[in-house]
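J.: The structure under discussion is supplied below as structure tokens; questions concerning it will follow.
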Amino acid sequence: MELIYVLDILGTFAFAISGALVAFDKKFDLFGVLIIAFVTAVGGGMLRDVLIDAHPINWIGDLNYLYTIFAAVIFTILFKSKIFYLSKTMFLFDTIGISVFTLLGLEKGLSFNLHPIIALIMGMVSAVFGGVLRDVLTNKIPLIFEKEIYASACLAGGIVYLILNECNVADNIIFVISAVVVIAIRVIAVKFHLQLPKIKDDLFTKN
Amino acid sequence: MELIYVLDILGTFAFAISGALVAFDKKFDLFGVLIIAFVTAVGGGMLRDVLIDAHPINWIGDLNYLYTIFAAVIFTILFKSKIFYLSKTMFLFDTIGISVFTLLGLEKGLSFNLHPIIALIMGMVSAVFGGVLRDVLTNKIPLIFEKEIYASACLAGGIVYLILNECNVADNIIFVISAVVVIAIRVIAVKFHLQLPKIKDDLFTKN
Amino acid sequence: MELIYVLDILGTFAFAISGALVAFDKKFDLFGVLIIAFVTAVGGGMLRDVLIDAHPINWIGDLNYLYTIFAAVIFTILFKSKIFYLSKTMFLFDTIGISVFTLLGLEKGLSFNLHPIIALIMGMVSAVFGGVLRDVLTNKIPLIFEKEIYASACLAGGIVYLILNECNVADNIIFVISAVVVIAIRVIAVKFHLQLPKIKDDLFTKN
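Protein chains in written order, with UniProt numbering: chain A, 1 to 207; chain B, 1 to 207; chain C, 1 to 207.
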């Protein structure tokens with residue numbers, strides 16, 4: 001599906017920019033910016049492919065990911081003062097990115113004959129672990145562990161995908177519906193500041 | 001060996017609880033707690049399997065690990081205020097866990113025709129690196145580098161295993177004796193606050 | 001090529017010492033020192049081999065790496081008060097290390113029929129990621145992202161290698177010339193305090 005590939009590249013572009021911005025913020029040099037952009041954009045898929053033994057792994061098998069990351073870093077350097085004005089566009093690309101990464105990761109897992117639960121996890125790893133690796137390399141506690149509905153959106157979209165897949169719905173339709181679920185949850189969560197529940201600390205000491 | 005599988009699952013359960021407790025303490029959301037519990041419980045074996053190219057890796061090849069981790073997280077949420085009263089039971093499960101993880105990792109290494117030294121390292125990786133990954137993801141210096149006799153207990157048990165294996169002792173007996181060595185060293189070390197020697201800092205500047 | 005193997009081992013020795021010194025500085029126990037020395041010395045090649053599916057990976061396939069790391073840790077313990085007087089020798093070994101690691105990594109990538117750009121990246125991963133893993137495990141922002149010309153030296157040497165390789169220059173000559181490029185850039189950079197450009201922070205807020 002040509003369109004999905006385009007969306008995958010768009011998502012890679014958005015993820016790479018978000019990584020590059022974090023690295024600029026940390027005052028990394030050019031090389032550091034490239035690495036963080038790279039890890040953010042393809043780290044999730046790379047981890048997935050290593051775990052399921054899918055060689056060549058994502059960015060080794062398709063150089064377009066590398067070129068996209070290069071382009072994203074150059075774009076960030078040139079337009080970084082304007083990227084804040086583009087925040088809605090960036091949010092859109094980013095949200096498209098996580099939905100496409102989730103569903104492509106899930107599909108790859110299924111195509112490797114993994115159990116649906118494992119394939120679902122692989123979808124989430126694809127979408128989420130680029131950001132985790134970025135945070136580990138920049139010495140922060142991964143954002144996703146603390147206040148993101150991000151992962152839940154991926155999970156919900158993945159589950160919808162698996163259910164529709166069981167019902168033999170056509171592939172394209174499954175993909176579109178599941179992607180809409182991911183995007184909708186993400187947009188609604190950000191709009192209304194939804195978060196996953198936290199287990200209160202005082203339950204520990206009292207109770 | 002049925003019993004060893006049960007002990008492996010018990011150890012996974014204990015490791016997952018210890019990971020979940022760290023994540024609760026860091027105020028992670030539910031998703032973050034699941035990931036840290038997961039990484040603590042199966043991270044060591046996962047790293048081992050990736051390094052020795054043993055696919056499907058541990059938790060992909062056997063879903064019981066995932067179910068055990070889920071159960072451990074639910075258990076932690078329900079009984080977290082009482083887990084402190086269970087600290088002796090937890091310590092027992094945890095200690096069983098490291099002994100079984102070490103020896104199963106070592107056996108897996110040998111079954112892949114690795115050099116005994118490499119197999120020994122794989123046993124230690126299995127037992128120890130779940131905790132290292134947990135600490136990296138929660139942005140702490142891995143505990144094990146600073147004050148744990150943990151790894152030495154695994155090392156000693158692994159060496160005993162290899163020696164008895166050379167002497168053609170029966171498999172079951174080797175496993176029991178080596179496990180007892182790991183458990184005994186761990187218990188004695190904790191009881192008497194033993195630590196590995198540290199090279200004093202002032203040796204650097206003076207001397 | 002015998003000589004290159006000797007240089008590879010020398011580089012491993014130097015990297016292991018640099019890792020051990022960081023770990024001593026952090027007051028890790030003996031086990032922690034061994035792990036950090038190990039990761040610094042063979043972490044880059046290990047990551048490369050996992051990514052390109054080259055099994056057995058570096059230190060599993062050749063025990064000499066392990067023995068070298070052991071020797072380096074013992075050497076560091078015995079002579080740590082004198083290593084500072086050896087700083088020029090250490091710098092020489094370290095610089096030889098990064099040049100040899102880069103070129104051997106690149107060659108390994110090419111021998112696996114990877115695209116030259118990917119092979120170039122694999123050379124840099126081999127030389128640089130041991131240090132990145134060391135910094136992640138000791139809870140620091142990887143040095144290389146902030147102020148090192150290190151990676152650029154590897155990159156330049158790798159590019160020279162690929163160009164000469166296209167021109168069908170003899171293998172030995174390619175290796176020597178490329179290694180000299182890496183070493184020269186590194187030495188000049190350290191001598192004249194050269195750094196990669198940083199994108200100024202105020203470009204973000206103003207401009």
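Backbone N, C-alpha and C define an ideal beta-carbon position, used for all residues, glycine too. All values reported here derive from a predicted model rather than from experimental measurement.
CB A127 (chain A) to CB F101 (chain A), shorter than 8 Å?
T.: Contact: yes.
J.: Strictly under 8 Å for the Cβ-Cβ distance: is D49 (chain A) near chain B by that measure?
T.: Chain B contact via Cβ: absent.
J.: With distances taken from CA atoms, which of A:N165, A:L137 and A:A14 is nearest V132 (chain C)?
T.: For V132 (chain C), the nearest C-alpha among the options comes from A:L137.
J.: Looking only at its own chain, which residues have a Cβ that is under 8 Å from the Cβ of F204 (chain A), when we skip the five neighbours before and after it?
T.: Below a pLDDT of 50, predicted positions are generally treated as unreliable, and F204 (chain A), at 41, falls in that range; no measurement from the model is reported.
J.: Does the Cβ of L66 (chain B) have 16 or more other Cβ atoms within 10 Å, making it buried, or fewer, making it exposed?
T.: Burial call: buried.
J.: What's the C-alpha gap between N139 (chain B) and I141 (chain A)?
T.: So the two alpha carbons sit approximately 6 Å from each other.
J.: Counting only beta-carbon atoms, is I52 (chain C) nearer than 8 Å to chain F?
T.: Protein chains in the displayed structure are A, B and C, and chain F is not among them.
J.: Can you tell me the Cβ-Cβ gap for G45 (chain B) and N64 (chain B), rounded? I've got them flagged as a contact below 8 Å.
T.: Incorrect: roughly 13 Å between the Cβ atoms, too far for contact.
J.: Within the continuous alpha helix (DSSP H) that includes Y150 (chain A), where are the two ends?
T.: Unbroken alpha helix (DSSP H) run through Y150 (chain A): Y150 to E166.
J.: For N64 (chain C), report the span of its alpha helix (DSSP H) as first-last.
T.: Per DSSP, N64 (chain C) belongs to the alpha helix (DSSP H) from N64 to I83.
J.: Look at the alpha carbon of A16 (chain B) and the alpha carbon of A37 (chain B), and state the distance between them as a whole number of angstroms.
T.: About 4 Å.
J.: So that I know if they touch, is there some Cβ in chain B lying closer than 8 Å to that of S99 (chain A)?
T.: Cβ-Cβ to chain B under 8 Å: no for S99 (chain A).
J.: If you draw a straight line from the C-alpha of residue 233 (chain A) to the C-alpha of G97 (chain A), how long is it?
T.: There is no way to answer for residue 233 (chain A), as the model of chain A reaches only from 1 to 207.
J.: Examine the Cβ distances between the stretch 176–190 of chain B and the stretch 27–42 of chain C and report whether three or more of them are shorter than 8 Å.
T.: No, because fewer than three Cβ pairs between the stretch 176–190 of chain B and the stretch 27–42 of chain C fall closer than 8 Å, the two stretches do not touch.
J.: If I follow the unbroken alpha helix (DSSP H) through I174 (chain C), where does it start and stop?
T.: Where I174 (chain C) is concerned, the enclosing alpha helix (DSSP H) stretches over D171 to F192.
J.: Determine the direct distance from the alpha carbon of V73 (chain A) to that of I60 (chain B), and round the result to whole angstroms.
T.: Taking the straight line joining both Cα atoms gives about 35 Å.
J.: Thinking I118 (chain A) and G109 (chain A) are a contact (beta carbons under 8 Å), I'd like their distance in whole angstroms, please.
T.: Rounded, the Cβ-Cβ distance is 6 Å, consistent with contact.
J.: Between which two residues does the alpha helix (DSSP H) harbouring A89 (chain A) extend?
T.: Checking the displayed sequence, the identity of residue 89 (chain A) turns out to be Thr instead of Ala. Per DSSP, T89 (chain A) belongs to the alpha helix (DSSP H) from S87 to S111.
J.: Determine the DSSP secondary structure at D8 (chain A), reduced to helix, strand or coil.
T.: In the structure shown, D8 (chain A) sits in a helix (DSSP, three-state: H, G or I).
J.: Could you work out which residues of chain C lie near L63 (chain A), taking near to mean beta carbons separated by less than 7 Å?
T.: Here the neighbours are H115 and I117.
J.: Please report the distance separating the alpha-carbon of Y5 (chain A) from that of E107 (chain A).
T.: When rounded, the distance between both Cα atoms is 13 Å.
J.: Given a threshold of 16 other Cβ atoms within 10 Å of its Cβ, counted over all protein chains shown, does V182 (chain C) qualify as buried or as exposed?
T.: Buried, by the Cβ-count rule.
J.: Output, in chain order, the set of chain C residues within a Cβ distance shorter than 9 Å of A153 (chain B).
T.: Chain C residues near A153 (chain B): none, gap ~11 Å exceeds 9 Å.
J.: If we ignore side chains and look at the alpha-carbon of each, how far apart do S18 (chain B) and T76 (chain B) end up?
T.: Cα to Cα, the separation comes out at about 9 Å.
J.: Alpha carbon to alpha carbon, how far is A54 (chain A) from F112 (chain B)?
T.: Near 21 Å, if we compare the C-alpha coordinates of F112 (chain B) and A54 (chain A).
J.: By Cβ distance, which residues of its chain are closer than 7 Å to V33 (chain B), with the 5 residues on each side in sequence left out?
T.: The residues are A20, A23, F24 and V73.
J.: Looking at chain A, is there any beta carbon in it that lies within less than 8 Å of the beta carbon of H55 (chain B)?
T.: Yes, its Cβ sits closer than 8 Å to a Cβ of chain A.
J.: Any Cβ of chain C within less than 8 Å of the Cβ of Y161 (chain B)?
T.: No, no contact with chain C.
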